[in-house]
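Contents: one structure, followed by commentary.
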Amino acid sequence: MTTNDEKTKLIAGLDDNALDHDYDGIIELDNALPPWWLYMFYGTIIFAIFYTINFFGMGAYKQQDELKEQYAIAQKSIEKYQKEHGSSVDENSVVLVAEAEKLADGKIIYEKNCVACHAANGGGGVGPNFTDDYWIHGNSINDVFKTIKYGVPEKGMIPWESQLNPNQIQNVASFILTEFKNKNVEGGKEPQGDKIE
Amino acid sequence: MSGEIQKFYYDNKIVKMFAYATGIWGIVGMLVGLLVAFQIYFPALNFNLEYTTFGRTRPLHTNAVIFAFVGNGIFTGVYYSLQRLLKTRMWSDKLSMINFWGWQLIIVSAAITLLAGFTTGKEYAELEWPIDIAIAGIWVVFGWNMFATILTRRERHLYVAIWFFIATFVTVAVLHIVNSFELPVSFMKSYSWYAGVQDALVQWWYGHNAVAFFLTTPYLGLMYYFLPKAAQRPVYSYKLSIIHFWALIFLYIWAGPHHLLYTSLPEWAQTLGVVFSVMLIAPSWGGMINGLLTLRGAWDKVRDSAVLKFFVVAVTAYGMATFEGPMLSLKSVNAISHYTDWTVGHVHIGALGWNGFLTFGMMYWLIPRMFNTKLYSEKLANVHFWIGTIGILVYAVPLYFAGFTQYLMWQEFTPDGFLAYPNFLETVTQIIPMYVTRSIGGTLYLIGALVMFYNIVKTIKAGDFIANEAAEAPALEKAFIPKLGEYWHRPIERKPIQLLIFALIVILIGGAVEMVPTFLIKSNVPTIEAVKPYTPLELQGRDIYIKEGCYNCHSQMIRPFRHEVERYGDYSKSGEFVYDHPFQWGSKRTGPDLAREGSKKLRKSHSWHFNHMENPQSMSPGSIMPNYPWLLKKDIDIESTPAKIRAMQTLGVPYEDGYDAKAIDELKAQAIEIETKLKEEGIKHADANKEIIALIAYLQRLGTDVEK
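Residue numbers (my numbering), protein chains in the order written: chain A, 7 to 203; chain B, 5 to 712.
As structure tokens, this is what we get:
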């Protein structure tokens, strides 16, 4: 079998507009461009002109404005939420919570975000030890809340305010202060900061 | 009146060689693809070895599939069809052989160097400068041989397939040369000539048009030959061929910026990327329509012929991908798809469906003919078809889900205004089942290819190879009188050099309009006073970041969306990247963005990074990032520092005069500083000479300039 045997076979009625082109047995038909195809092409060209003039880049639109708009919408819905559910806690209004449910939430948050540096038993590692009596940034609930919220970037503790909401910070801070108190775990990190009884 | 009949022989040997290479490299490329698919959810498969880690294996996969599998597929089809369409043997058997062996040598050296960590850090253009030069040389050999063959043809007019081959040749040459402008620092290390935004624009002009002119136009040419041959039906519309050919090559070249939507690329350039992508639908579909309508009156054959079935799915996949592409280029859709697995799913519809299936169909058609026999088993070919088709679906569908799911998680806020999934890892673990399913799809596809391999080997064994296939045709008469009232395009088809020049002009326009202003008009990249060049240690760290292929999983480009700004910090500005040779914006977030990794908001301690690179799961339980233990063992290549500083100076990075002489001392001082800090933090075995120190220095620098 050679390729020469495989010439295009024309079908009467279907291929009556065959051209006299013959390339290695391949024949071409003289069909017009399908109208729907042509109109689609024109349509996309019109879209392109319209889009270029009216919307992006060449018009007044700036992608940064989209960001501003997103923030404006968010601001509104957050305010509405806070009106209905009360404002979130902050470092002044935070309290040490004792409800089992909230501490359990704190435990989950701790395990997900904190163990890498402070160890599951609170003994520390990259970060300081929670089970001894020494504290670098204070051990009141307000202090701990503040440390978590704003972080200590120069020491590698990131600010968590964009990752944890205030209630979550309150829960995890309460968990830390409750769970690890006076545990003095074995193999924990050496004391850092000031002794606070 | 026609000239005397001449006898000549088609060179099938070169076609056979390229066909074998296509088959072998195809299976290699798919195997490596399978490896990376497994590695993504089972990172221990890097075996704690630098050579087999995702950041290096993934570029090996993409390069192998694009340049080894499809590349050899192109040459197979071109060398077969070109001779027959021109009624002549290839002009020079010697050039054919140089083309073949040169290309295989490039592939082997690419495989070795990519795994060894030699990379420019630019996607699909990772190969270092000596290999870039070799590619340019071999590509010219191919073009030379092709053109000389065209000029000695026995067919007056060039068929549409050859227009596509010519456009492919000239455009790939331009793309490769412009994007590979790099300054060698040493053997196998160079810096991109361009920086930041400009590098990004050039890279994606290249990247997108590698898809257009390496994966699409040559394969359209192959479709125009092999599909009507296999169906024995006439090409549906000559007029459509003309319009869609010229429209396609003109419009395609503009579309690159759609890979950079919502980045700090100037918005006018983004706009061009959007609108030209949308205008591409019709020209792309022109090829699909001409392919599918050629099967009019032959659909009964499709039922019986595996070859035609492969072609139908290939052309349909092409139509789907080229509709999806323009949709993904709309900013609102791109906001969802970019950085997610949606894009990966999209490209695999093209790679597995269009390129893979067209290649398979071509092989099943071509091999029996060259071996003067019948296909060993039509039944096995049908089995391959069905396994492959199911494989494509099982591969792609989960990735669409994965992309969508992950985006939805990224952008979700709690009602009181916090990210619902602040930990990036949560959004990754959620889609791991999709990754598992994808790898099953990939396995099916590979099994199909192995079935073909067996079928083809059996066919070859049963056949009798015709190395030189006899043919005859009249010589072209010197005097040629065109027919009166011939179609306007006919004269161009008689003049290959003109066609080449026209194609060149057409493809230069788009690139020039986008690049020239981005390079020359200062306002396109507003300067930021606080942004300073990297310290020598950071520069070395950046080179390690590039070497390890971190960009394969981590972006460095924060888009102006609330959820990205909340997660990663302020959106990225073009002025922040002016010293980045090459840019490292990335295109996929398998891990989080790192543009501001060192910023107050995201900064971790040195020891966190140290532990994390040694074993990511120790710091980030459940992480799918592989371990990089060798970074703790290998020494920084300190001696290369002065040369690197001088290269950067040549590229316009404002290090003071004579800084190269001080660079090593400064590097050591900063390294000691980090070592001391690490020891303070409890890492007793920290060693200032090790690569990890440089990498930490680089990561901690990211995003800090603008905070000053």
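Ideal placement from N, C-alpha and C gives every residue a C-beta, glycine not left out.
Touching by the beta-carbon criterion (3+ pairs, under 8 Å), the stretch 620 to 638 of chain B and the stretch 689 to 709 of chain B: Judged by Cβ distances under 8 Å, the stretch 620 to 638 of chain B makes contact with the stretch 689 to 709 of chain B, as three or more pairs qualify.
Any idea what DSSP makes of B:Met-5, helix, strand or coil? With a pLDDT of only 45 at B:Met-5, under the threshold of 50, the placement of this residue in the model should not be trusted, and no figure is reported.
So, is the C-beta of A:Ala-179 closer than 8 Å to a C-beta in chain B? no
Enumerate in chain order the residues of its own chain whose CB-to-CB distance from B:Asn-528 is below 6 Å, with the five nearest sequence positions on each side excluded. Pro-270 and Thr-522
Rounded Cβ spacing between B:Ile-678 and B:His-610 (contact assumed at less than 8 Å): 6 Å
Closer than 8 Å to chain B by CB, A:Ala-80: yes
Cβ closer than 8 Å: which chain B residues qualify as neighbours of A:Asp-36? Ser-241, Tyr-242 and Lys-243
B:Pro-287 and B:Leu-255 - do their beta-carbons sit closer together than 8 Å? Taking 8 Å as the Cβ cut-off, B:Leu-255 and B:Pro-287 qualify as a contacting pair.
Taking only the alpha-carbon atoms, compute the straight-line gap between B:Leu-187 and B:Phe-587 and give it to the nearest angstrom. 15 Å
Whole angstroms is fine: what's the gap from B:Val-306's alpha carbon to B:Ala-72's? In a straight line, the C-alpha of B:Val-306 is about 29 Å away from that of B:Ala-72.
Helix, strand or coil: which one does DSSP assign to A:Gln-69? helix
Contact criterion: CB-CB distance below 8 Å. Does A:Phe-186 meet it with respect to chain B? A:Phe-186 does not count as touching chain B.
Neighbourhood of B:Val-19 by C-beta distance below 8 Å, restricted to the same chain and skipping five residues each side: Thr-80, Tyr-83, Tyr-84, Leu-370 and Met-374, listed in sequence order.
In chain order, what residues of the same chain lie with their CB nearer than 6 Å to the CB of B:Ser-644, ignoring the 5 residues before and after it? none
Starting from B:Pro-287 and walking both ways along the beta strand (DSSP E), at which residues does that stretch end? Segment 285 to 297 is the alpha helix (DSSP H) holding B:Pro-287; no beta strand (DSSP E) there.
Does the distance from the C-beta atom of B:Asp-584 to that of B:Ala-199 stay below 8 Å? In this structure, the beta-carbon distance from B:Asp-584 to B:Ala-199 falls below 8 Å.
is_contact[A:Ile-84, chain B] using C-beta, thresh 8 Å: yes
Return no unless some Cβ of chain A is closer than 8 Å to the Cβ of B:Met-331. no
Output needed in chain order: residues of the stretch 104 to 130 of chain A with a Cβ under 8 Å from some Cβ in chain C. No chain C appears in the structure shown, which is made up of the protein chains A and B.
Using the rule of at least 16 other Cβ atoms within 10 Å of the residue's Cβ for burial, across every protein chain shown, is B:Tyr-458 buried or exposed? exposed
Which residues in chain B sit within 8 Å of A:Gln-88, going by Cβ to Cβ distance? Asp-420
Taking only beta-carbon atoms, is A:Ile-142 less than 8 Å away from chain B? no
B:Ser-622 by DSSP, collapsed to three states: which one? helix
Tell whether a beta-carbon distance below 8 Å holds between B:Ala-273 and B:Tyr-210. no
Is the stretch 312 to 323 of chain B touching the stretch 229 to 238 of chain B, taking contact as three or more C-beta pairs under 8 Å? yes
Counting contacts by CB-CB distance shorter than 8 Å, is B:Gly-290 in contact with chain A? yes
Beta carbon of B:Gly-602 nearer than 8 Å to that of B:Gln-704: yes
Look at the Cβ atom of B:Ile-649, then the Cβ atom of B:Pro-530, and state whether they are nearer than 8 Å. no
Are the stretch 18 to 34 of chain A and the stretch 44 to 55 of chain A touching, with three or more C-beta to C-beta distances below 8 Å? Contact between the stretch 18 to 34 of chain A and the stretch 44 to 55 of chain A is not established, with fewer than three Cβ pairs separated by less than 8 Å.
Need the endpoints of the beta strand (DSSP E) that B:Asn-693 sits in, please. Element bounds for B:Asn-693: n/a, residue is neither H nor E.
Is the CB of A:Asp-217 under 8 Å away from at least one CB in chain B? Residue numbering for chain A in the displayed model covers 7 to 203; residue 217 of chain A lies beyond these limits and cannot be assessed.
Quick one: which unbroken alpha helix (DSSP H) runs of 4-plus residues sit fully inside the stretch 7 to 67 of chain B? Chain order, please. 16 to 43 and 58 to 67
For the putative contact between B:Gly-407 and B:Thr-344, defined by C-beta atoms under 8 Å, what is the C-beta separation to the nearest angstrom? So it is a contact: roughly 4 Å between Cβ atoms.
Check whether the Cβ of A:Leu-102 lies closer than 8 Å to any Cβ atom in chain B. no
Enclosing alpha helix (DSSP H) for A:Ser-180 [first to last residue]: 172 to 185
For A:Gly-193, which residues in the same chain have their Cβ closer than 8 Å to its Cβ, ignoring the five residues on either side in sequence? Gly-129
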